[in-house]
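Quick note, UniProt numbering runs 4 ahead of the 1-based positions in the sequence shown.
Yeah, the Cβ is synthetic: ideal placement off N, Cα and C, and Gly gets one too.
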Amino acid sequence: NSFEPCDFVLFGTKGDLARRKLLPALYQLEKADLIHQDTHIIGVARDDMSVEDYVALAKKNIETFSGSPLCEEAWARFSARLDYVQVDMKNEKAYNAFKEHVDSSRTMVCYLATPPSIYGDICRGLNAAGVIDPSVRVVLEKPIGHDLASSRVINDQVAEFFEEKQIYRIDHYLGKETVLNLVALRFANSIFATNWDHNCIDHVQISVAESVGIEGRWGYFDEAGQMRDMVQNHLLQILTLIAMEPPTTLDADSIRDEKLKVLKALRPINASNVQANTVRGQYTAGFVKGQEVPGYLEEEGANTRSTTESFVALKVELDNWRWAGVPFYLRTGKRMPSKVSEVVIYFKRQPHNLFQESFPQLPPNKLTIRLQPDEGVEVTVMNKVPGLTGSKAMDLQKSKLNLSFSEAFKDDRIADAYEKLLLEVMIGNQALFVRRDEVEAAWKWVDGIFAAWESTNDEPEPYQAGTWGPVASIAMLAREDRAWYESK
Ligand code: BG6
5 NSFEPCDFVL FGTKGDLARR KLLPALYQLE KADLIHQDTH IIGVARDDMS VEDYVALAKK
65 NIETFSGSPL CEEAWARFSA RLDYVQVDMK NEKAYNAFKE HVDSSRTMVC YLATPPSIYG
125 DICRGLNAAG VIDPSVRVVL EKPIGHDLAS SRVINDQVAE FFEEKQIYRI DHYLGKETVL
185 NLVALRFANS IFATNWDHNC IDHVQISVAE SVGIEGRWGY FDEAGQMRDM VQNHLLQILT
245 LIAMEPPTTL DADSIRDEKL KVLKALRPIN ASNVQANTVR GQYTAGFVKG QEVPGYLEEE
305 GANTRSTTES FVALKVELDN WRWAGVPFYL RTGKRMPSKV SEVVIYFKRQ PHNLFQESFP
365 QLPPNKLTIR LQPDEGVEVT VMNKVPGLTG SKAMDLQKSK LNLSFSEAFK DDRIADAYEK
425 LLLEVMIGNQ ALFVRRDEVE AAWKWVDGIF AAWESTNDEP EPYQAGTWGP VASIAMLARE
485 DRAWYESK
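Right under this line is the structure:
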């Protein structure tokens with residue numbers, strides 16, 4: 005752990021994200037011996053709590069959410085770093101209490117695991133306490149705004165005190181091993197690098213299905229919907245990594261410049277093409293994995309007239325040279341049959357079929373990238389079935405070249421995305437974080453879709469919980485003689 009020591013300040017340390025993800029991720033980094041010995045971790049919340057109580061709370065959360073018993077040695081090191089400060093985050097004056105807990109000889113990292121509506125207050129408070137200097141890093145969680153205009157307000161509030169090179173906007177999908185592997189797959193393999201365009205690829209499918217519903221988050225989710233919660237960030241980020249041009253280097257801005265170009269090339273969806281290119285759905289009661297579950301409008305605290313979408317399917321086109329005429333079909337939804345995220349690249353068919361007799365239509369090669377679970381990469385190829393048949397009637401069979409991460413990397417644990425991202429923040433590498441112009445380009449495109457939906461007055465189509473979404477989503481591809489990939 006050669007990087008510098010820091011004061012890692014966790015604002016909103018009693019919140020869901022900190023409890024479920026951030027504290028367990030920090031602990032795993034400790035276990036892997038990746039935290040500098042002089043680093044301090046300082047929890048901040050509104051509650052009056054002693055450091056001992058905070059340590060006990062952190063222990064309980066880490067035990068509950070890290071899925072394995074604590075390693076005593078790692079816990080002893082970790083708990084010795086923990087500190088707690090009570091701060092009323094909306095009160096500028098309250099930040100003086102915080103000042104005594106940090107040390108300017110260490111780099112301060114402020115993780116704002118709070119609602120974005122108080123990002124501005126926290127920045128002002130830190131400023132009033134005189135603890136901001138150019139070495140401080142600030143980490144922002146999504147959602148950054150509700151649309152382009154509100155994202156600008158939040159980003160402006162933070163920019164008043166921090167420069168872009170100090171700001172780390174989290175999209176946790178960028179920390180997933182398999183998402184990182186997209187860059188390796190594309191740029192470390194000439195077999196893919198040279199076939200990666202409209203000459204060879206017919207279309208691309210990106211599916212991020214979840215079996216969970218809204219998990220008691222009605223208040224948040226109903227305001228957001230699946231488009232803002234998943235498409236604006238996670239799905240578009242995956243799309244940029246699939247579609248971007250080779251960056252010059254792996255440096256943060258080199259990668260982010262290329263991702264931005266993809267976001268700027270998204271063909272606008274507006275009132276004239278919204279019906280052909282989008283499907284919105286909302287789940288009704290049904291069964292997921294054998295369990296009966298309520299419909300969206302029957303969830304706890306639901307407003308029964310809500311028209312918020314819990315499913316989105318989109319046909320996305322990129323107006324650039326590489327991808328001309330290649331549709332990217334995106335779909336994501338809650339209460340689908342299982343949790344599965346996959347990217348499937350469909351290559352073009354052979355121009356002429358030599359195997360008419362045994363295979364009247366040759367299926368296309370497919371590259372399937374399983375992002376989660378059962379992480380891996382699979383290529384579907386045609387193969388001769390061994391046997392003494394005449395050359396004209398060569399028997400073919402579809403086979404799979406399958407790289408399963410759990411088999412290939414048996415001894416390597418697949419780290420949670422937050423572990424990777426927290427480590428990168430501590431190192432000070434912005435490559436896996438979203439730049440302001442990316443957030444804005446994504447919002448601009450998404451805002452266009454919302455405006456188009458509004459102009460049609462259509463409501464989301466119902467789909468039964470435990471299915472792959474409304475029939476209209478299947479029809480969107482069927483109109484173009486295509487079908488959604490069926491996940492195993
Ligand atoms: C979050 C969304 O960003 O991502 C949640 O707010 C969603 O609604 C989650 O469930 C999915 O993340 P993962 O890592 O479980 O695929």
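ALA213 has its alpha-carbon roughly 21 angstroms from the corresponding atom of PHE454. Taken through DSSP and simplified to helix, strand or coil, VAL389 comes out as coil. Listed in chain order, the alpha helix (DSSP H) elements of length 4 or more contained wholly in the segment 247-298 are 256-269 and 278-281. The criterion of a C-beta distance shorter than 8 angstroms is satisfied by ARG128 and GLU96. DSSP places SER83 in the uninterrupted alpha helix (DSSP H) bounded by 76-85. Within the same chain, and ignoring the five residues on either side of ASN369 in sequence, the residues whose Cβ sits closer than 7 angstroms to its Cβ are PHE351, VAL383, THR384 and VAL385. Under the three-pair Cβ rule at 8 angstroms, the segment 109-124 counts as touching the segment 134-147. Distances from the CB of VAL216 to the heavy atoms of the ligand BG6 include at least one below 7 angstroms.
Membership of ALA455 in the alpha helix (DSSP H) is indicated by the continuous run 440-460. Under the three-state reduction of DSSP output, GLY129 falls in the helix class. Contact between the segment 269-286 and the segment 465-478 is present: three or more C-beta pairs spanning the two stretches fall below 8 angstroms.
HIS238 counts as buried, since at least 16 other C-beta atoms from the protein chains shown sit within 10 angstroms of its C-beta.
Within a 10 Å sphere around the beta-carbon of LYS388 sit fewer than 16 other beta-carbons, which makes this residue exposed.
Here TRP457 is buried, its C-beta having at least 16 other C-beta atoms within 10 Å. The C-beta of SER477 has 16 or more other C-beta atoms within 10 Å across all chains shown, which makes the residue buried. A straight line joining the alpha-carbon of VAL55 with that of TRP79 spans about 15 angstroms.
Residue environment for SER83: buried (at least 16 other C-beta atoms within 10 angstroms of its C-beta). For SER70, the shortest separation between its Cβ and any heavy atom of the ligand BG6 does not lie below 7 angstroms. Secondary structure of PRO466 (DSSP, three-state): strand.
For TRP488 against PRO341, the beta-carbon gap comes to about 13 angstroms, at or over 8 angstroms, which does not count as contact.
Annotation: the continuous alpha helix (DSSP H) that includes ILE66 extends over 55-70. Excluding sequence positions up to five before and after ALA328, its CB lies within less than 6 angstroms of the CB of HIS202, all in the same chain and listed in chain order.
Taking the Cα positions, ASN159 is about 15 angstroms away from ASP175. For ASN159, there is no enclosing beta strand (DSSP E); the residue is found in the alpha helix (DSSP H) stretching over 152-163. DSSP, reduced to helix, strand and coil, places GLY329 outside both helices and strands of the structure shown, so it counts as coil. Minimum Cα-Cα distance from SER108 among the listed residues LEU240, ILE136 and PHE363 corresponds to ILE136.
Counting only runs of 4+ residues, the alpha helix (DSSP H) found wholly inside the segment 90-145 occupies 100-103 and 123-132, in chain order. Shown here for LYS338: same chain residues with a beta carbon closer than 6 angstroms to its own, the five before and five after excluded, namely GLU214, GLY217 and SER314 in chain order. In the same chain as SER258, and ignoring 5 residues on each side of it, the C-beta atoms closer than 7 angstroms to its own belong to PRO251 and THR252, in chain order.
Non-local beta-carbon contacts of VAL235 in its own chain, meaning distances under 8 angstroms to residues more than five positions away in sequence, involve VAL316, LEU318, LEU334, THR336 and VAL450 in chain order.
Counting only the Cα atoms, LEU38 lies some 30 angstroms from ASN193. Here LEU371 is not near GLY179, since their CB atoms are 8 angstroms or more apart. Rounded to whole angstroms, the gap between the alpha carbons of ALA421 and SER70 is 13 angstroms. An exposed status is given to ILE431, since fewer than 16 other beta-carbon atoms sit within 10 Å of its beta-carbon. Rounded to the nearest whole angstrom, the CA to CA distance from THR288 to PRO298 is 7 angstroms.
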